[in-house]
């Protein structure tokens, strides 16, 4: 990886810290951070109790595959959640626990990419920066799929030339999307699966926001669901990534899983055995409890709905806002440059948001994140309301 390290750009929050450096915000206004997507709701008691109950597990080395009970619990959850046929997923060959989706999304590319074949790794733009870093350090060329308002903030796969698809070895998708909250319809996922079959690439579907959705009766589709619908019952070329960080307000647990194509996961398992990324046993037991329980997830969605409703009610008077179908971000268009907007908002109101251009790359002649800011509604309701009022005051001055 060493020759490629210099290609990595500073992480968005490094850029944000530099943007705010030297600015002294109003002392009378407490700081409200809406820049980082770190859930702030309480971690469910059942997760904490399971951790404490199984602390004796720290005396044992965990295995890379994890406990059979954990993989069986995950298989059962995926089957229920995405309407798969009972017994279709094999917990032994098609599921691996991972230490949060961030490390898995990164390491997966290292395992998959053949750098001797002039590879391309495609990804949405804006994007979770791990995708780009993983592509670069695997020796691949990132190819960006701009997601813009005209296309409902979804990747326009029809605009990708065949010459790019022929070089593509891996496509990252994020649904629901970060930062827009846009959800890919099952039909769109089916289209991607047809492209993957035609051009022989793997789809890595980052679905870590899949359980934070607005309509309780209309949960987002997932890649395994789409594969099952078109008869790809072995989930060829499909790997999905799920996490407890957002779903269960447990970012510090560092617990998630990958699932899908058994042949791909066999190689990834071999890689992870050497990688040494096994999940500690207490974490596995806590994860079992979390994946078995939906009550706390339903309550989690209710809390986010409450915050979205309150914030949009306030900001709707001064900005054009669309409530996203999923996630916990507002992707707000700004009347001035997004970096100036974020800098001045911090200077005047002591509220931190993330410039959209920091989440994007110039591609096709423009930066699709420019003149947007990402607002993470992770703070308590009262703080989100206060932040919205300050944002409203600030917008009224522009």
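Residue numbers (this note's numbering): 2 to 399.
Virtual Cβ for every residue (Gly too), placed ideally from N, Cα, C.
Just the C-alpha distance for residue 379 and residue 359, rounded to the nearest angstrom, thanks. 20 Å
Segments assigned beta strand (DSSP E), at least 3 residues, entirely inside the region 230-257: 239-244
Identify whether residue 127 lies in helix, strand or coil by the three-state DSSP scheme. coil
Helix or strand or just coil, what does DSSP make of residue 134? helix
Do you know offhand how far residue 114's Cα is from residue 381's? 42 Å
Simplified DSSP state of residue 269, which is helix, strand or coil: helix
Between 248, 119, 154 and 275, which lies nearest to residue 305 when the distance is taken from Cα to Cα? Comparing Cα-Cα distances from residue 305 to each of 248, 119, 154 and 275, the minimum goes to 248.
Cβ shell of residue 30 (< 6 Å), same chain only, five flanking positions each side left out: 351
For residue 259 and residue 243, the rounded distance between their alpha carbons: 7 Å
Give me, in chain order, the residues of the same chain whose beta-carbon lies closer than 8 Å to that of residue 371; leave out the 5 immediate sequence neighbours on both sides. 338, 339, 357, 358 and 361
Residues bridged to residue 204 by DSSP? 172 and 239
From 263, 391, 262 and 343, pick the residue whose C-alpha is nearest to that of residue 319; which is it? 391
Where does residue 374 fall in DSSP's three states? strand
Can you tell me which residues form a DSSP beta bridge with residue 381? Note: residue 381 sits in no beta bridge, so no partner.
Does the separation of the CB atoms of residue 67 and residue 285 fall below 9 Å? yes
Note down the Cα distance separating residue 7 from residue 17, rounded to an integer number of angstroms. 20 Å
Between which two residues does the alpha helix (DSSP H) carrying residue 307 extend? 296-316
In three-state DSSP terms, what is residue 458? The displayed coordinates of the chain run from 2 to 399. Any statement about residue 458 would go beyond what the structure contains.
Might you give, ordered along the chain, the residues of its own chain that have their beta carbon closer than 7 Å to the beta carbon of residue 61, omitting 5 neighbours on each side? 282
Simplified DSSP state of residue 353, which is helix, strand or coil: strand
Flag this pair as yes or no: are the beta carbons of residue 401 and residue 294 separated by less than 9 Å? One cannot answer for residue 401 here, as it falls past the ends of the chain, which runs 2 to 399.
Cut-off 6 Å between Cβ atoms - residues of its own chain near residue 154, not counting five sequence neighbours on either side: Hits under 6 Å: 148, 181 and 183.
Any contact between the region 296-312 and the region 269-279? By contact I mean 3 or more CB pairs, one from each, below 8 Å. no
Is it buried or exposed for residue 336, if we count other Cβ within 10 angstroms and need 16 for buried? exposed
Contact defined as beta carbons within less than 8 Å: I believe residue 1 pairs with residue 204. What is the distance between those atoms, to the nearest angstrom? In the structure displayed, the chain extends from 2 to 399; residue 1 sits before or after that span and is not available.
What runs of the alpha helix (DSSP H), each 4 residues or longer, lie entirely inside the region 60-105? With a minimum length of 4 residues, the continuous alpha helix (DSSP H) runs that stay inside the region 60-105 are 69-83.
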